[in-house]
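**Q**
Protein chains in written order, with our numbering: chain A, 1 to 386; chain B, 387 to 689.
#1: Are any of the Cβ atoms in chain B nearer than 8 angstroms to that of residue 185 (chain A)?
#2: Any beta-carbon of chain A closer than 8 angstroms to the one on residue 488 (chain B)?
#3: With 16 other CB atoms within 10 Å as the buried threshold, where does residue 305 (chain A) fall?
#4: Please confirm if residue 301 (chain A) has its CB atom under 8 angstroms from at least one CB of chain B.
#5: Quick one: give me the first and last residue of the alpha helix (DSSP H) that residue 599 (chain B) is part of.
#6: My output table needs one value for residue 239 (chain A): the three-state DSSP class, helix, strand or coil.
#7: For the beta strand (DSSP E) holding residue 525 (chain B), just list the boundary residues, first then last.
#8: Does residue 656 (chain B) get closer than 8 angstroms to chain A when you measure Cβ to Cβ?
#9: Three-state secondary structure (DSSP) at residue 378 (chain A)?
#10: So is residue 308 (chain A) buried or exposed if we call it buried at 16+ other beta carbons inside 10 Å?
#11: Assign residue 80 (chain A) to one of two classes, buried (16 or more other C-beta atoms within 10 Å of its C-beta) or exposed (fewer than that).
#12: Under the three-state reduction of DSSP, which class applies to residue 255 (chain A): helix, strand or coil?
#13: Check whether chain B comes within 8 angstroms of residue 208 (chain A), counting only Cβ atoms and requiring the distance to be less than that.
#14: Quick check on DSSP: helix, strand or coil for residue 161 (chain A)?
#15: When the cut-off is 8 angstroms and only beta carbons count, does residue 414 (chain A) lie next to chain B?
#16: Rounding to the nearest angstrom, what Cα-Cα distance links residue 2 (chain A) and residue 9 (chain A) in this structure?
#17: What separation, rounded to the nearest whole angstrom, lies between the Cα atoms of residue 427 (chain B) and residue 142 (chain A)?
#18: List the DSSP bridge partners of residue 531 (chain B).
#19: Which residues mark the beginning and the end of the alpha helix (DSSP H) in which residue 267 (chain A) is found?
#20: Within the continuous alpha helix (DSSP H) that includes residue 220 (chain A), where are the two ends?
#21: Below 8 angstroms between beta carbons is the criterion; list the residues of the segment 469-497 of chain B that meet it against any residue of chain A, in chain order.
#22: Going straight from the alpha carbon of residue 183 (chain A) to that of residue 57 (chain A), what length do you get?
#23: When the Cα of residue 303 (chain A) is compared with those of A:295, A:70 and A:314, which residue comes out closest?
#24: How would you write the range of the alpha helix (DSSP H) that residue 105 (chain A) sits in, first residue to last?
#25: Rounded to the nearest angstrom, what separates residue 113 (chain A) and residue 283 (chain A) at their Cα positions?
#26: When the cut-off is 8 angstroms and only beta carbons count, does residue 425 (chain B) lie next to chain A?
#27: Give the secondary structure of residue 23 (chain A) by DSSP, where H, G and I count as helix, E and B as strand, and everything else as coil.
#28: Just how far apart, CA to CA, sit residue 685 (chain B) and residue 550 (chain B)?
#29: For a test of the three-state rule: what should DSSP assign to residue 497 (chain B), helix, strand or coil?
#30: Show which residues of chain B have a CB atom less than 8 angstroms away from the CB atom of residue 147 (chain A).
#31: Got a sec: which bits of the segment 399-428 of chain B sit with their beta carbon under 7 angstroms from any beta carbon on chain A, in order along the chain?
#32: Relative to the C-alpha of residue 194 (chain A), which candidate in A:345, A:55, A:21 and A:40 has its C-alpha closest?
#33: Opposite residue 608 (chain B) in the DSSP bridges: which residues?
#34: So, does the CB of residue 573 (chain B) fall closer than 8 angstroms to a CB anywhere in chain A?
#35: Take residue 485 (chain B) as the anchor and find which of B:430, B:418, B:656 and B:572 has the nearest alpha-carbon.
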């Protein structure tokens, strides 16, 4: 009995995952992410991957807003910062000292409500107006946080420090074990966020979003309440953006005004374009590429490699070249490969899939379905007769 | 107090209007939201530093004739070089993604970051001092105003009027207005839109560079690799509150923001530290009342 279930699950898995190259690739990448802490013992490398997970959540939420609902926001850092600051204020031992499993949900909900409040005025404008208006929100908040009369609350440029950690370090834990814990927490949250957003994007609501993206006037004529759905998109996106902010705050254990910086608003944009806009999985790939390229290849591997093989020590100015090289790569990709790396790969794999002889794959899937049909029909026989 | 707001506000307002004019010009003609506008401001300032202050020009005997020509030559060269650079960058980088709204923004943001990193690599992070072109000061309504600020105010107003006449009377200006109204019809009438876009980009970047030199030489008096952020924020908020693509709007918006900044700096406790949010606040208030800005229609320049 159990073995038949297992066999059926296995064969349907084979038919739905192993037979489609894009899904197989995604599955293998997921497995790699799941088991990476066993292969990497270096805490610095783990730290890079943890931060890549956080950036991936943030970029996925931006991608949902822009790629799926078509509202260009260049100020996504506002959700990141609001989430981070609210959970910082609530959990800091100097203010409320609440536990983080309470403060993070509160912060996310608060950010959701703030997204609604910001969305109502800013959604009256469209296109480039909307992009530039949203770009100004985090800048306003960052300046207010540094305003002297509010310094006793927000501590100005210094920020709120000494917060509880995301994964508290127990007595028996080494730093490495704490990092592994943090890695799995962020990975699970990333997985949950992307699955939820993917499900929303492919649900009825997602269809409405796509129709608004394609033609707002036509959707209005079809009786869709465009403003309601736009606000909904804004709130969903803000929710996950705030989640990323909360996680980062408790990972680094401080919240400071650079969380609202313009660069943080631009980072998800760049990362999403690197992976592929409107795909949900694209930004994840992009975030990993960004962190691996920036923090591993250019900061760690390249100087070591040059030193060991060529004997050249890089000058300190090379520090500034890292962002330069990364941005150049993005620029070339956006111009030459506007769909992004991940989207390009899946499209290529999809072409491969179509080109393959369907006769070979068809019977196998058919076989699985037939088996399922047979078992269900035998199972439902008594009810059918009665 | 009123005099202070009026005098200082008008002086910075004139320069802000010049800065915003470039942003609105390129948007009005080609629909490009140029997030690298602040970078051209910075490039102009740094080129002015290279040509004028770092002693580059003392090598050339021509300026030995009369030392006062040095800064002026540096100013003109800086503006011209920025124009050439921006036209080349437009052709290489922005042109391939033209028409894709988000793509243009991503590309220009990347461009801005690249320029910032290049300047960091060449000049390093410390602030560079930019000296005023002229020294001395005058009394206006009992307030001391440096000659440099007066010069900057005068030149920005003159440039503004020249631009106004250029877009309304000259043949190229007519072509620009035609393209901004209907691109395809303008192409059918034999206007080379590609060349026109490049020209507009160069013009817009030159305005940014001029504003850069005047603002840094008269108000802040230093150049640093992150001075592109604030001008970018200023120009887009002014342009939006005036209406994207409207020259009149950018003039009015520049002055509104200039006065509002001074009013906040003087009237609000510790106002100097939140001065950077004034343009945004004004912009949000205006947008709440008029979602298209003061003079904004769709992509259009007034005639």
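Built from N, CA and C at the ideal position, the CB exists for glycine as well.
**A** Walking through what the data contain:
#1: By this cut-off, residue 185 (chain A) is not an interface position.
#2: Judged by the 8 angstroms Cβ criterion, residue 488 (chain B) is in contact with chain A.
#3: exposed
#4: At a cut-off of 8 angstroms between beta-carbon atoms, residue 301 (chain A) makes no contact with chain B.
#5: 579-601
#6: helix
#7: Per DSSP, the unbroken beta strand (DSSP E) holding residue 525 (chain B) starts and ends at 523-526.
#8: For residue 656 (chain B), the answer is yes, since a Cβ of chain A falls inside 8 angstroms of its Cβ.
#9: Its pLDDT being 49, under 50, residue 378 (chain A) is placed unreliably by the model, and the measurement read from it follows with that caveat. The answer is helix: DSSP assigns residue 378 (chain A) an H, G or I state.
#10: exposed
#11: By the neighbour-count rule (16 or more Cβ atoms within 10 Å), residue 80 (chain A) is buried.
#12: strand
#13: no
#14: strand
#15: Outside the shown range of chain A (1 to 386) lies residue 414 (chain A), about which nothing can therefore be said.
#16: 11 angstroms
#17: 23 angstroms
#18: B:524
#19: 262-275
#20: For residue 220 (chain A), the enclosing alpha helix (DSSP H) has its first and last residue at 216-221.
#21: 479, 482, 483, 486, 487, 488, 489, 491, 492, 493, 495, 496 and 497
#22: 13 angstroms
#23: Proximity to residue 303 (chain A) across A:295, A:70 and A:314 peaks at A:314, based on C-alpha coordinates.
#24: It spans 100-122 - the alpha helix (DSSP H) in which residue 105 (chain A) sits, taken as one unbroken run.
#25: 25 angstroms
#26: no
#27: helix
#28: At residue 685 (chain B) the pLDDT is 40, less than 50, meaning the model places this residue with poor confidence; the figure from the coordinates comes in the next sentence. For residue 685 (chain B) and residue 550 (chain B), the distance between alpha carbons rounds to 18 angstroms.
#29: helix
#30: 656, 659 and 660
#31: 419
#32: A:55
#33: B:515
#34: no
#35: Considering only alpha carbons, the answer is B:418.
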